[in-house]
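Undergrad: Below are the structure tokens for one structure; questions will follow.
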Amino acid sequence: MGEMVKIGVFADTHVGRSIPNAIADYRRQAFRHAFTQAIDIFIEEGVELVIHAGDLFERRSMTAPDSLFVKEELQRLVDSLGPEVRILMVRGNHDGTPENSTLDYVLHPLAKYLRVLGEETLQGKPNIYESGDLAIIGFGYTPYTSSKLDEIKEAIKEKFNSSKAEHKIFLAHMFVEGQDIPPNVPEYQVAKLDTVKYLGANMVIAGHYHKYILAEKPDLYLLTPGATESIDLSDDSPHGVCILNLDQHVDCKFLPIKPLYRIKNEVIDSEGAVQQPQWFIERAIAAASEFSDMIRKEKEQGILRIALRGFLDGNRFDLEAEIERQMRDISKENSNILHIEVDNDLSELRHVGINIPEHMSREEFLQEVFSILGENLMAQALTLADEVRMALEERASTQTGLLKESDRAPFVEKWLKIMEAG
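The UniProt record's numbering puts the first residue of the sequence shown at 1, with every later residue one more than the last.
So this is what it looks like as structure tokens:
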């Protein structure tokens with residue numbers, strides 16, 4: 001057994017993310033702030049190795065200053081900890097494709113401390129990083145996680161078996177069976193636990209899931225470091241980085257990052273009952289007033305999301321307009337409130353006692369529509385739908401809600417190729 005190795009682990013930093021567009025600049029600042037805090041923690045902890053488990057950037061809204069910012073922060077890490085420190089990364093779904101990866105923007109010949117793993121693995125030719133008692137194989141993002149792992153598992157297992165390292169880590173950006181996976185994620189995007197165990201690693205570090213998890217399975221640790229900042233306003237859980245100590249035992253501690261802006265998510269749900277508009281308005285005002293008092297007392301700036309759920313006896317759009325008007329008035333009284341987002345998912349019901357149709361989510365609807373294409377083409381269509389949704393969130397006209405022709409054209413071309421293949 002060699003000496004203990006101390007590793008800093010993070011993922012899903014999404015540098016450049018600017019959603020929602022109404023507060024794009026604040027959001028960009030928040031993700032940069034979180035990245036800087038992560039590097040500060042790694043320096044303070046004196047780690048020997050840093051691992052990033054994917055989604056370094058927010059691909060579509062990444063700018064040249066974003067890549068320069070990341071390069072400078074990584075260089076600051078190396079300058080502080082010394083030239084022996086190493087940084088390993090895998091490509092996430094927001095980091096582009098093997099042919100057009102945003103990670104290429106931070107790689108350069110002089111940065112010998114930085115290595116991107118996982119692209120060769122997708123081709124069935126896994127390369128391995130080895131140092132002392134540590135061996136790491138990467139697995140770049142693919143939407144067909146389950147089938148791809150089945151296809152190349154023998155090659156990965158053989159590579160791990162060839163290593164004499166005590167600690168063997170499989171580094172990936174993927175969902176793993178057993179996590180609290182978001183609803184409606186298709187099975188082909190989830191790695192089967194039995195397959196993961198078969199690979200021969202004794203630890204899996206997986207990005208993509210935005211909350212911290214350390215799960216101990218038989219002969220296998222599953223570490224999900226989570227995100228460094230709330231990816232969406234609906235997630236106000238703690239985010240941060242992990243410090244992993246590997247010796248005779250696995251010791252992992254999660255260190256939360258204090259966000260630049262406080263985010264709070266408030267759900268107002270009628271819980272099956274049909275309510276009048278005033279019922280929702282009163283609760284929205286109470287939630288916003290409480291949030292305003294809290295951030296004023298704590299001298300913080302904050303963003304509030306109010307999610308309206310359930311059944312309404314009235315017009316949902318008129319209600320939304322009235323709540324937004326009330327929220328503007330509350331925001332004017334407290335400059336520390338940066339933004340109040342109203343997420344309206346109410347169902348309009350004019351009469352109590354009618355049969356309520358089963359609610360179908362966006363993901364379920366799209367899967368139903370695209371199912372006629374078959375599994376592989378359906379996966380491509382669902383991926384394209386997500387790309388279109390993100391583009392609309394980031395670049396849609398504030399007047400029409402539509403994309404410019406130049407932004408629409410690539411999506412049309414991709415859709416035509418899917419239809420031709422079908």
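We put the beta carbon where it would ideally sit given N, CA and C, even for glycine.
Tell me whether MET419 is buried or exposed, calling it buried when 16 or more other Cβ atoms sit within 10 Å of its Cβ.
TA: Its Cβ having fewer than 16 others within 10 Å, MET419 is exposed.
Undergrad: Please report the Cβ distance between ALA385 and ASP407, rounded to the nearest whole angstrom; I am assuming they are in contact, meaning their Cβ atoms lie under 8 Å.
TA: Contact doesn't hold; Cβ gap of about 15 Å is too wide.
Undergrad: Buried or exposed: HIS239, going by 16 or more other Cβ atoms within 10 Å of its Cβ?
TA: Answer is buried; the Cβ neighbour count reaches 16.
Undergrad: What is the DSSP secondary structure of SER270, counted as helix, strand or coil?
TA: Here SER270 sits in strand by DSSP.
Undergrad: Helix, strand or coil: which one does DSSP assign to TYR188?
TA: Note: TYR188 maps to helix in three-state DSSP.
Undergrad: So, helix, strand or coil for LYS164, using DSSP?
TA: Residue state, collapsed to three classes: coil.
Undergrad: Report all residues from its chain with a CB closer than 8 Å to the CB of VAL241; omit the five preceding and five following residues, and keep chain order.
TA: The residues are GLY8, VAL9, PHE10, ALA38, ILE41, PHE42, PRO225, THR228, PHE254, LEU255 and ILE257.
Undergrad: Can you tell me where the alpha helix (DSSP H) with VAL47 in it begins and where it stops?
TA: VAL47 -> no alpha helix (DSSP H), and no H or E assigned at all.
Undergrad: Please work out which residues of its chain come closer than 7 Å, Cβ to Cβ, to LEU103, disregarding the five sequence neighbours upstream and downstream, and give them in chain order.
TA: LEU56, MET89, ARG91, ASP95 and VAL116.
Undergrad: If you compare alpha carbons, which of GLU154, ALA284, GLU166 and ALA206 is closest to VAL342?
TA: Among GLU154, ALA284, GLU166 and ALA206, the Cα nearest to that of VAL342 belongs to ALA284.
Undergrad: If you draw a straight line from the C-alpha of GLN326 to the C-alpha of LEU308, how long is it?
TA: Each residue's Cα considered, the two are about 15 Å apart.
Undergrad: Counting only runs that start and end within the stretch 3 to 36, where is the beta strand (DSSP E) found for 3 or more residues in a row?
TA: Entirely contained in the stretch 3 to 36, the beta strand (DSSP E) runs reaching 3 residues are, in chain order, 5 to 10.
Undergrad: Buried or exposed for ASP12, going by 16 or more other Cβ atoms inside 10 Å?
TA: Flag for ASP12 reads buried.
Undergrad: When we look at the beta-carbon of LEU114 and count the other beta-carbons within 10 Å, is it buried (16 or more) or exposed?
TA: By the neighbour-count rule (16 or more Cβ atoms within 10 Å), LEU114 is buried.
Undergrad: Thinking C-alpha only, which one of ASP269, GLN276 and GLN275 is nearest ALA287?
TA: Minimum Cα distance to ALA287 is reached at ASP269.
Undergrad: Which residue from ASP313, VAL369 and GLN301 puts its Cα closest to that of LEU338?
TA: For the residues ASP313, VAL369 and GLN301, the minimum Cα distance to LEU338 belongs to GLN301.
Undergrad: Can the beta-carbon of TYR221 be found less than 8 Å from the beta-carbon of ASN202?
TA: Yes.
Undergrad: To the nearest angstrom, how far is it from the Cα of ASN184 to the Cα of PRO126?
TA: Going from the Cα of ASN184 to the Cα of PRO126 covers about 31 Å.
Undergrad: When the distance is taken between beta carbons, is PRO143 closer than 8 Å to GLU119?
TA: Going by C-beta atoms, GLU119 is not nearer than 8 Å to PRO143.
Undergrad: Determine which residues share a DSSP beta bridge with GLY96 and list them.
TA: DSSP output for GLY96 lists SER101 as bridge partner(s).
Undergrad: In whole angstroms, give me the CA-to-CA distance for ILE136 and VAL196.
TA: Spanning the two alpha carbons is a distance of roughly 14 Å.
Undergrad: Quick check: SER292 and ASN334, are their CB atoms within less than 8 Å of each other?
TA: Contact: yes.
Undergrad: May I have the straight-line CA-CA distance separating LYS159 from LYS148, to the nearest angstrom?
TA: Taking the straight line joining both Cα atoms gives about 17 Å.
Undergrad: In terms of residue numbering, what span does the alpha helix (DSSP H) encompassing ALA409 cover?
TA: Where ALA409 is concerned, the enclosing alpha helix (DSSP H) stretches over 405 to 421.
Undergrad: Rounded to a whole number of angstroms, what is the C-alpha to C-alpha distance between LEU68 and GLY207?
TA: For LEU68 and GLY207, the distance between alpha carbons rounds to 23 Å.
Undergrad: Per DSSP, LYS297 forms a beta bridge with which residues?
TA: Paired residue(s): none; LYS297 is not in a bridge.
Undergrad: With LEU244 as the anchor, note down where its beta strand (DSSP E) starts and where it stops.
TA: Element bounds for LEU244: 240 to 246.
Undergrad: Do you know offhand how far VAL106's Cα is from LEU171's?
TA: Approximately 19 Å between the Cα atoms of the pair.
Undergrad: Quick one: what does DSSP say PHE365 is sitting in, helix, strand or coil?
TA: PHE365: helix per DSSP, three-state reduction.
Undergrad: Alpha carbon to alpha carbon, what distance is there between SER289 and GLY54?
TA: Taking the straight line joining both Cα atoms gives about 38 Å.
Undergrad: Using alpha carbons as the reference points, say which of PHE35, SER131 and ASP79 lies closest to residue 511.
TA: The chain is shown only over 1 to 422; residue 511 falls outside these bounds and no answer can be derived.
Undergrad: Which of the three DSSP states, helix, strand or coil, is assigned to ALA321?
TA: Here ALA321 sits in helix by DSSP.
Undergrad: Note down, in chain order, each residue of its chain lying with its Cβ closer than 6 Å to the Cβ of VAL274, except the 5 sequence neighbours on either side.
TA: Once the five neighbours on either side are set aside, the close Cβ partners of VAL274 are PHE311, ASP313, LEU349 and VAL352.
Undergrad: Is the distance from the Cβ of ARG86 to the Cβ of LEU49 below 8 Å?
TA: Yes. Within cutoff.
Undergrad: Taking its Cβ as the centre, do 16 or more other Cβ atoms sit within 10 Å of PHE317, making it buried, or is it exposed?
TA: Exposed: under 16 other Cβ atoms inside 10 Å.
Undergrad: Buried or exposed for LYS417, going by 16 or more other Cβ atoms inside 10 Å?
TA: Flag for LYS417 reads exposed.
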